[in-house]
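> Input: one structure, supplied below.
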Amino acid sequence: MFVGMVPALDEGYIHYPAIIMQALRYLRAQDFTKLPDGSYPVDGTELTANVQRYQTKPTKECRPESHQKFVDIQFIAEGEECMGWCPLSPNLTVSQPYDAQKDVGFFEKLVPDSDVVLSPGAFAVLYPEDVHRPKGAVNGKPVHVTKVVVKIPVDAL
């Protein structure tokens, strides 16, 4: 996983793979607070941006997950959330086996458990080896979030 701020793209010190940079530029160019929830194609590519709105919740109610076919870029347009993270490892206990149709598997808990707060303009890039626990309330205080998840096929990297 790596995290950053979309406004920092102009600083010139960020050198991510080209397809990730394309997705980040797309995120920077849109006002997702004005778009309805749903899926949007990204500039005629094989990438999809999924806009979603929800209330964050206590982290104990959030489920750690991982993907195999897609890299996620999770971008906060509005609100803030606490995202948990740990590396994929044999120390994790599967709570729901990987579903290839939905490209997601779930785990009982993160081992070890690390958290990062994502605020407006922040993004996290999550590879298949990144187990993550989205939708957590910062300091246990639920807030409204507008998030965009860009799905990048692993074979596009």
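Residue numbers (this note's numbering): 1 to 157.
All residues carry an ideal CB built from backbone N, CA and C; glycine is no exception.
Measuring alpha carbon to alpha carbon, tell me which of K135, H144 and V131 ends up nearest F70.
That would be V131, whose Cα lies nearest to the Cα of F70.
> Excluding the 5 residues flanking I73 on each side, which residues of the same chain have their C-beta closer than 6 Å to its C-beta?
Closer than 6 Å at Cβ, skipping near neighbours: A23, F123, V125 and V150.
> Under a three-way DSSP split, which group does A7 fall into?
The residue asked about is misnamed: residue 7 is Pro in this sequence, not Ala. Three-state result, P7: helix.
> Between the beta-carbon of C62 and the beta-carbon of G140, is there less than 8 Å?
No; because the gap between Cβ atoms is not below 8 Å, this pair is not in contact.
> Considering only the alpha carbon of each residue, which of T59, P7 and Q52 lies closest to K167?
No answer is possible for residue 167: the residues shown for the chain start at 1 and end at 157.
> Looking at the structure shown, is E81 part of a helix, part of a strand, or coil, going by DSSP?
DSSP places E81 in strand when its eight states are reduced to three.
> For the beta strand (DSSP E) that A100 lies in, which residues bound it at each end?
Taken as a continuous stretch (DSSP letters only), A100 belongs to no beta strand (DSSP E), as it is neither H nor E.
> Quick one: residues in its chain with C-beta nearer than 8 Å to the C-beta of P36, no 5 flanking neighbours on either side, listed in chain order?
If we look at P36 and ignore the five residues flanking it on each side, its Cβ neighbours are V51.
> Going by DSSP, what residues sit across from L118 in a beta bridge?
Beta-bridge pairing links L118 to E81.
> Whole angstroms is fine: what's the gap from L110's alpha carbon to G84's?
Roughly 8 Å between the two C-alpha positions.
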